Every structure is written in C-alpha cells, then in structure tokens.
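K.L.:
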Amino acid sequence: MGQRHQVFLIARVRPHGAPPDHPGNRRCIAAFHHQWCRGGSPLIAMRRLVTLIKQPDNAAIVRAEVRDIEGKYGSHGAVEPRIPGIPCPFTAALLAMAWTADLEDSSDIYSSGTTLVYDLLDASMGCWQGDNNDGLSILDVTDPEDPAYCFLTGDETPGTPKQRHTPLDARGYLSAYYHLEKPTKGKAKHGNTTHGKLSTKRKLGHLKYTYWSQYVEDLTDVPLLPITSLREAWPNETFRDPPRSNAVSQVAPESRQATPGDVSAGAMPTLVEISFEIVVKQSVDDGDTAEVEKLLWLPGRAAQAKTILRGLGTFTDSAAHLLGVALEELREETYRVDLTGFQMSGAHVATVLCALGDIHSVDLSGNAVIVADEVPDILAATPTLRRIVLMGCPSVDGPRLLELVQTQPSRFKTVEGILHPAFLTIDKPDPYPCAFTYVSVMSSQTRRLSCVSIPFFTPAQVVQALTDIIPWQAGSKSETMSSSDFGLPSVGTSAFQGGTRQPGQTVNERTIMTVPYQTPRIPRGQMVLWTFVRNMPHHPLYGQDQSNNGWGFVRYTFQAPSAAEAAERRLAAEKLERMKAQMELQVAAALETHGHQAAMDLRGYLEVLIAYHSISLHRPDRIDGTVYDLNGFLECMAKEGRPMPSDDAVQKLEKILYMKDELTLQDFLERMAKDGRPMPMEEAVEKFENTLHFKGGMTLKRCLERLAKDGHVMSRMEAVEKFHLDKGLYMKDMLGEYCCPLMKQETLSELDPDQTRGGMIAPLRYLKGEGFSC
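In our numbering, each residue carries its 1-based index in the sequence shown increased by 12.
(1) Is the beta carbon of GLY86 less than 8 Å from the beta carbon of ILE95?
(2) So, using beta-carbon positions, are LEU614 and GLN598 closer together than 8 Å?
(3) Let's test the definition: count the other Cβ atoms within 10 Å of the Cβ of TRP542 and tell me whether it reaches 16, buried, or not, exposed.
(4) Mind checking who TYR529 pairs with in its DSSP beta bridge?
(5) Let me confirm a value: LEU621 is counted as buried when at least 16 other C-beta atoms fall within 10 Å, else exposed. Which label applies?
(6) With TRP111 as the anchor, note down where its beta strand (DSSP E) starts and where it stops.
(7) Between which residues of its own chain and ALA90 is the CB-CB distance below 7 Å, once the five residues before and five after are set aside?
(8) With distances taken between CB atoms, is the gap from TYR122 to GLN530 smaller than 8 Å?
(9) State the Cα-Cα distance for the pair VAL275 and GLU285, rounded to the nearest angstrom.
(10) With DSSP as the reference, please indicate the residues paired to TYR568 in a beta bridge.
(11) Answer with buried or exposed for ILE290, where buried requires no fewer than 16 other C-beta atoms within 10 angstroms of its C-beta.
(12) How is ARG12 classed by DSSP in three states: helix, strand or coil?
(13) In chain order, what residues of the same chain have a beta carbon less than 6 Å from the beta carbon of GLU386, not counting five sequence neighbours either side?
(14) Suppose you measure from the CA of TYR221 to the CA of GLN473; what does that come to, to the nearest Å?
(15) For TYR189 versus GLY410, is the C-beta spacing smaller than 8 Å?
(16) Taking the DSSP output, what are the residues bridged to ARG348?
(17) Under 8 Å: do the stretch 40-56 and the stretch 104-121 share three or more Cβ pairs, one atom per stretch?
(18) Spell out the partners DSSP gives ILE430 in its beta bridges.
(19) Taking 8 Å as the threshold (C-beta atoms), are PRO235 and VAL475 in contact?
(20) Pick out whichever of GLY353, THR346, TYR450, MET755 has its Cα sitting closest to the Cα of THR396.
(21) Could you tell me whether the Cβ atoms of ALA23 and MET403 are closer together than 8 Å?
(22) With a Cβ-Cβ cutoff of 8 Å, do PHE424 and PHE448 count as a contact?
(23) Return the CA-CA distance between ALA477 and LEU414, expressed in angstroms with no decimal places.
(24) Specify, as a first and last residue, the run of the alpha helix (DSSP H) that ARG590 falls within.
(25) Per DSSP, what kind of secondary structure is VAL383 in: helix, strand or coil?
(26) Report the option in LEU307, THR437, GLN316, ASP660 whose CA atom is closest to the CA atom of THR282.
(27) On the three-state DSSP scale, how would you describe ALA774?
(28) For LYS667, tell me which candidate among THR103, PRO753, GLY607 has the shortest Cα-Cα distance.
(29) Since TYR122 sits in a beta bridge, which residues does DSSP pair it with?
(30) Return yes when the Cβ of ALA393 is within less than 8 Å of the Cβ of ALA367, no when it is not.
(31) Tell me the residue span of the alpha helix (DSSP H) that contains PHE44.
(32) Can you tell me where the beta strand (DSSP E) with ILE668 in it begins and where it stops?
(33) When the Cα atoms are used, what is the spatial distance from LEU164 to GLN509?
(34) Candidates GLU193, ARG412, VAL383, GLY336: which alpha carbon is nearest TYR223's?
(35) Give me the residue from ILE382, LEU242, PHE327 with the minimum Cα distance to LEU21.
(36) Excluding the five sequence neighbours on either side, which residues of its own chain have a C-beta within less than 7 Å of the C-beta of LEU237, listed in chain order?
Listed below in structure tokens is the structure:
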C-alpha cells in the first residue's frame, strides 16, 4: 500500500585501494524511502533538498563527510570493503528532512515519514532494490553547491515505456503523470448549454498547468544528471539513453570535488610573493609582526598572509596575533570566520576569535592539534559563538567530547551546534547528552510520544523553532493541529536541527546545527533537561480525552541511582556486554555458513533482542518536573546566563501560544447563515465589527449588549433572539475543544509513564524497522 519512492544521493569518491591521484567513482552515499511520493511531490521535495544542501554552511559539512570516506570502501554497491549503511549521516539527515517536512508556511506545514532509523536505507543497495511504485529521485552532491539531479521511472510507474529507466528532468517525470500541454483558450458557441461547464473546466486546466509549470520552473537552475553518472554509481543496473529532443535542461558537466583550503591554481608565485612569505615567516619566528601588519592593507597581502600562516607546522602566539589582524582586514561578513586547515591550539583559536569580536560561526576543520577539552575554553572566550565545525580533527576525541557535554552542560550554554561526527550520528550512543527535547503527544489514548532532542540550545533557537511549527498564526485556527501529522518526528527534527536564522534567511535555507535524537520517550540521563510539551487537542470525534490538553515548558531534574541500584545496573551491564560479544561470534558464524544476507538478518534480530534487554539499564532517574509558561521559561534562561531572543521574536511566539481561536462576528454570522438562521440588520453588524472581535466564551447576545452600552442603536433584536441564545449558544461550545491552554502540573505524571498500559517497560529509543512502536 502506498506510492513508494526512493531517493539517492551520489558523489564522486575514491575507492579503496585506488592511488591517491585517482579521480574517484560516483557511488551512492545516502538512500531514503518515502511511502507516499508521486507526481509533483518529488519535484517539490527535490527543490527543498537542493536549497538546503547548497546552503554554504551545510555544503561544507557534506564535503567533509565525503572526504572522510575517500579510499575506505568499494567502488560501488556492496563491493568489499563494504560501505556502512549510513556512511554520511549528516548528509543523509538533510535528505530525509527535505523529503519529509516543509516548514516554509507554518500555517500549512507538510509532514510525512516515520523516523530516521526507519526511513533511511543502506547506501550499498541497488537503486531498484527497494519496494517501488513511483520511480526514483537522484541528486549528485560531488559539488554540493552545484548539484545535479534526475528522476527515473520504473516498470510500475505511469508513463510511456520510452521514459522508463531513462534520466528525466522535472518536466519529463511530471509528464508521466499529467498532460503538460498548455490549455488552449478556445471559444464556446453562444447558446451552447455546456458553455458554463466548459469554462469551468478550462479554468481548472489553466490552474493545474500553472501549478505544474511552477514545479518545473523551480528546478530549471539545477543541471540534469548525465546517464554516465548513473552507470558509474550502479554499474550492475541497466539505464536507457534519453531520446534526442529539443529539451532545454542543462546537463551537468563532469567535475572533480574541490577540497577546502585549495588555493587558486595556476601561476607560479612571483618574486614579490616569495619575498613576502619569507618576511612573514621571519616575523613570526622573531615574535614581532608589527612591520608585516603595516603591509596588510595592500591589495592581496592579507589573503596571502592567511595562506602562509595556514601552512605553518607549528603555531605561535605571534602567528595567532598576525592571523587575527589579517582576518580583520579580510572580513566582509560580520559573523563567521574560516580557520580550516590551521594547526592551532584552542588557546590560539580563542586569541584569534577575541580579536575579531562578534563572531557567530567558526570552521576549524582539518585541525590536528586542537583537543576536546579545549572546546569549552573557546566558548568561554567567545560568548557570541553559536557554531563550531570540527570535521576532520583527529585529536578531538568523540567520546570525550560527549562526556564533557553530558557532565558539564553549563559550559556549553551559549552554543547551538558543534559539528563533529560525535553529534551527527543517526543511531546515538548511550548515554547521549540532551539539553532540550520537543515532546509531541501523538495520541492521548495510546500515550504515544514523539520526542526530538538536541545536545545544545539557546532560547532564541527554541523560540524560533516553536514559532515555525505551531501553526496558530496568520488567522489560522488551532484545529489544524488535530491531525497527528504535526506530531511526526520530521516536524520537530526539521525545526530544531536548524540554528537561529539571520535576517532574510528562510526556513528552507537554515544552517543545520546537529542531527537530532529521535525517541519514543523523554530521554533519561541528564541531571537537568528542558522540554517543550505539545499535547495538542484532537477532535472529539476521535473519542480522545481532552482534559490533559495543553502546552508547557517543563524542566526535569534527575537524581543519580542509589548504591544498590548502581550495583544492579553494573551486573546488568556486564551481562549485556557478554550478549554483545556472543552476538558477534554468532554473526561471524552465520556469515561463514549462510552468507552475508543471513548474517545481517541475524544481526538485526539480535540487536533488537539486546536493545530490549538494555532497557533494565535505564530505569527512570527522573524525580521532578516543573511546568513553566513562556515568561517563566525565559526568566530561567536569563538566570542560567543563556543568550536571550529578541523582544520581537518573543512577542510573536507569545501571541501564538496565548492565542485562543478568535471568531469575528462575520465568521459567526456566516456559520449561522449556513445553518439557515435569520440574520440581524447589516448596519448593526458593521458597527459591531468595527468595535469587537467575537471571542470564545462570549455569547452574541452579550456582545450586542456591550455594543448597545457604547451607544449603538440596535435593530431587529427579534432576529437576534431567534438564534436561541437563551439555550447557551457559546462559541466555546463550538470551538472550545481546539483552544489549548497551559498544561496542568498534575498531568506530568501521566505524560511519560515508566510502563505501557499492558504493564511492559516502554523502550527508550526507536529500533530499526519498528517506526513508532512504543
């Protein structure tokens, strides 16, 4: 059941065993399954993906992940050494979020899918090995800032046989589903009894054509992926050459992925440049760079000084000082700095950033000197810093960095993202540091939760994310939240994976700060955890209990286990380690006896078994939860010393959170007219509409009484009486079930119980292949 569609990202990667100068082969680096995607949907999602992946900050991490797998794995598919299922998790998460959520219009959010663990596929699979009805979408991210795309239709996809297994552009794929010829205007003969119907049909045809043309137009700036790239990525598959036509789609040229730090190639250095390099290095060795600093204003000198300093094997205090001066001379942007490839200690990084002032983002990729324990010191020296990139930094130990964030969270209270592989995994380690969790109650009957957690946060980031995904604004009613789609993990993940945006930056252009942790329960293990709980109402026809509806910021505090509990957990942990060791032996035996697929199936089964046994290690340590409204949350944030959001951002969210569904008199009268009720005089309606809005809990009669007190002459009150107001026709009776108040403190105990209603211990994480099971 469904309209199944797969999406693949490919990139040019040097295979294992190839010489260092090998240009690389295109191969799959990420794959994704979508259960309901056909027609115009893949085009819209592809546009979101291209926009997201071309964003320079995101593109840099994509490049870093591709660089990290250079020379490690087979040339394609499952060729040994076999590539991991998700070799580039940041890139795969970008793909998944672009395909499952669109937050551009928060009053009309698109959401789909289940979880990252469930929907992402193995990068080693063949492109047609998935369960497919409606074709494939493929994007080449060899150069993520200039990607190329194509669509493929398969044997079950609509369209002609000539279109199948042929790389298609947006128009070609869409034409498999719809007739894309522009409707002719035509003229109907007078007296034709079907004139009205034909006119309506033409209007509908023009409207559809306009929509479809926009989908196609949105991808015209993206080149079409050549068939040679497909054959390179999946040499065992058969692809058909596209028919010769007058198509205007630009075909992507062959390209080699550039590496950061590449200097413009070409001319040999001049004698002046060589002399300047000698002067710079000598001044750094002498510890006196004053004379060099006087030259940095000359054209090209600051950039050359930066290149020279990047090449230094050992960085000194004088080098750090000179680099700060050079960067200040070069800086065009006011909030970011590129320090990729510099072999600097954390102290020297702090020196440079302090010299530059208000810096929000720094890229330290390729630094082999900096260590994990220096990261908090950099943050302390630069409190404006929101993003640190640490890709390809071998001395930054991932487990140590996770431990620091877990045990010393107050030292990371000003940052929104540390882009290090430790925070970019799909399957998170245990324990995993969580600072803020967005909790959606998907069903008050089953108590199913969708939780999205991030390791760092600022109040500005939280306020922005909530404003993006709570669609009670621009006149929309909160009844739009009655669909459980708004509780899907994709919504929270898309919103909270992004950092605070710059002015003019759209949601789909957001800078991704992390790969959030998706769980079916509120994470345990943090001494303090902030959450936002969204227990939005469901329409009463679903038979749901409305008494616990509400929203709130909840601060959970946790307590370490007692000595006896700790001893019990140690024994359980030792048993679990033995199970894991036995699993590896069993898998190895299955691989030798029955082959790779059987071994992988056995591994999957045993991993689920181990995951359920590991639940005993995670008995809840939560001891207290306190509900706060928005103002209370912000007061706590100020006390913690976190950077605060702007007044405008707070006011916007405040308006959303505290908004009850408002119904103007005109809205009310339109509803009454549909019910066949007589209307009051137009004059009274106009006067009333200019003075009041009709709000929940107030009868029309009471509103008219207020209007009369203001001196307005009321007419035809008998018409008003015919509304049967004496029977208590209150607006809250009509719409009250959609109003969502601050949640009650006493409801916390029922929010995330330790056991399911059947008495089973509820798992704390999603398991592969289980979607939303809890």
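Just so you know, even glycine gets a beta-carbon here, dropped at the ideal spot from N, CA and C.
Model, not experiment: these values are computed from the prediction.
P.N.:
Answer, in terms of the structure:
(1) Residue mapping note: residue 86 aligns to position 74 of the sequence shown, counting from 1. Residue mapping note: residue 95 aligns to position 83 of the sequence shown, counting from 1. For GLY86 and ILE95, yes; Cβs fall inside 8 Å.
(2) For the purposes of this step, residue 614 is identified with residue 602 of the sequence shown, where counting begins at 1. For the purposes of this step, residue 598 is identified with residue 586 of the sequence shown, where counting begins at 1. Yes, these two residues count as a Cβ contact at 8 Å.
(3) Taking the sequence shown and counting its residues from 1, one reaches residue 542 at position 530. Label assigned to TRP542: buried.
(4) Residue 529 sits at position 517 when you count from the first residue of the sequence shown. DSSP lists SER465 as partners of TYR529.
(5) Translated into positions along the sequence shown, residue 621 becomes position 609. So LEU621 ends up on the exposed side.
(6) Mapped onto the sequence shown, residue 111 falls at position 99. Per DSSP, TRP111 belongs to no beta strand (DSSP E); it is in the alpha helix (DSSP H), 101-112.
(7) The sequence position of residue 90 within the sequence shown is 78, counting from 1. Within the same chain, ALA90 has close Cβ partners SER136.
(8) Walking along the sequence shown from the start, residue 122 turns up at place 110. Walking along the sequence shown from the start, residue 530 turns up at place 518. Cβ atoms of TYR122 and GLN530: not closer than 8 Å.
(9) Position 263 of the sequence shown holds residue 275. Position 273 of the sequence shown holds residue 285. Per-residue confidence for VAL275 stands at a pLDDT of 40, beneath the threshold of 50, marking its modelled position as unreliable; the derived number appears in the next sentence. Going by the C-alpha atoms only, they are around 14 Å apart.
(10) What you label residue 568 is simply residue 556 of the sequence shown in a count that begins at 1. BP columns for TYR568 point to LEU541, GLY637.
(11) The count along the sequence shown starts at 1 and reaches residue 290 at position 278. Answer is exposed; the Cβ neighbour count stays below 16.
(12) The first residue shown for the chain is 13 and the last is 786, placing residue 12 beyond what the model contains.
(13) Position 374 of the sequence shown, counted from the first residue, corresponds to residue 386. Apart from the 5 residues on each side of it in sequence, GLU386 sits with its Cβ closer than 6 Å to the Cβ of GLY358 in its chain, given in chain order.
(14) Locating residue 221 in the sequence shown gives position 209, counting from the first residue. Locating residue 473 in the sequence shown gives position 461, counting from the first residue. Those two C-alpha atoms are separated by around 39 Å.
(15) Walking along the sequence shown from the start, residue 189 turns up at place 177. Walking along the sequence shown from the start, residue 410 turns up at place 398. Taking 8 Å as the Cβ cut-off, TYR189 and GLY410 do not qualify as a contacting pair.
(16) Within the sequence shown, residue 348 is the residue found at index 336, counting from 1. SER373, per the DSSP bridge assignment.
(17) yes
(18) For this step, residue 430 is matched to residue 418 along the sequence shown. ILE400, per the DSSP bridge assignment.
(19) On the sequence shown, residue 475 is found 463 positions in, with the first residue counted as 1. On the sequence shown, residue 235 is found 223 positions in, with the first residue counted as 1. No; because the gap between Cβ atoms is not below 8 Å, this pair is not in contact.
(20) Within the sequence shown, the letter at position 384 stands for residue 396. Among GLY353, THR346, TYR450, MET755, the Cα nearest to that of THR396 belongs to THR346.
(21) Against the sequence shown, residue 23 aligns to sequence position 11. Against the sequence shown, residue 403 aligns to sequence position 391. No; because the gap between Cβ atoms is not below 8 Å, this pair is not in contact.
(22) Here residue 424 corresponds to residue number 412 of the sequence shown, with the count starting at 1. Here residue 448 corresponds to residue number 436 of the sequence shown, with the count starting at 1. Contact: no.
(23) Working through the sequence shown from its first residue, we reach residue 477 at position 465. Working through the sequence shown from its first residue, we reach residue 414 at position 402. C-alpha separation (whole angstroms): 24 Å.
(24) Residue numbering aside, residue 590 sits at position 578 when the sequence shown is read from its first letter. For ARG590, the enclosing alpha helix (DSSP H) begins and ends at 575-606.
(25) By 1-based counting over the sequence shown, the position of residue 383 is 371. Correct three-state label for VAL383: coil.
(26) As a working note, residue 282 is residue 270 in the sequence shown. When only C-alpha atoms are compared, the closest one is GLN316.
(27) By one-based count along the sequence shown, residue 774 stands at place 762. ALA774 falls in the coil class under three-state DSSP.
(28) For the purposes of this step, residue 667 is identified with residue 655 of the sequence shown, where counting begins at 1. Distance check between LYS667 and each of THR103, PRO753, GLY607 places PRO753 closest, using alpha-carbon atoms only.
(29) Stepping through the sequence shown from its first residue, residue 122 is reached at position 110. TYR122 is bridged to ASP114.
(30) Stepping through the sequence shown from its first residue, residue 367 is reached at position 355. Stepping through the sequence shown from its first residue, residue 393 is reached at position 381. The answer is no: Cβ separation not under 8 Å.
(31) Locating residue 44 in the sequence shown gives position 32, where the first residue counts as 1. No alpha helix (DSSP H) holds PHE44; the beta strand (DSSP E) holding it covers 37-46.
(32) Position 656 of the sequence shown, counting from 1, holds the residue named residue 668. Where ILE668 is concerned, there is no enclosing beta strand (DSSP E), although the alpha helix (DSSP H) it sits in stretches over 659-669.
(33) The count along the sequence shown starts at 1 and reaches residue 164 at position 152. The count along the sequence shown starts at 1 and reaches residue 509 at position 497. LEU164 and GLN509: Cα-Cα distance of roughly 30 Å.
(34) Here residue 223 refers to the residue found at position 211 when the sequence shown is read from its first residue. Per the Cα distances, GLU193.
(35) Your numbering for residue 21 matches position 9 in the sequence shown. The candidate whose alpha carbon is nearest that of LEU21 is LEU242.
(36) Sequence index remark: in the sequence shown, residue 237 carries index 225 (1-based). Cβ neighbours of LEU237 beyond the five flanking positions: ILE150, ASP152, ALA160, TYR161, CYS162, PRO179, ALA264.
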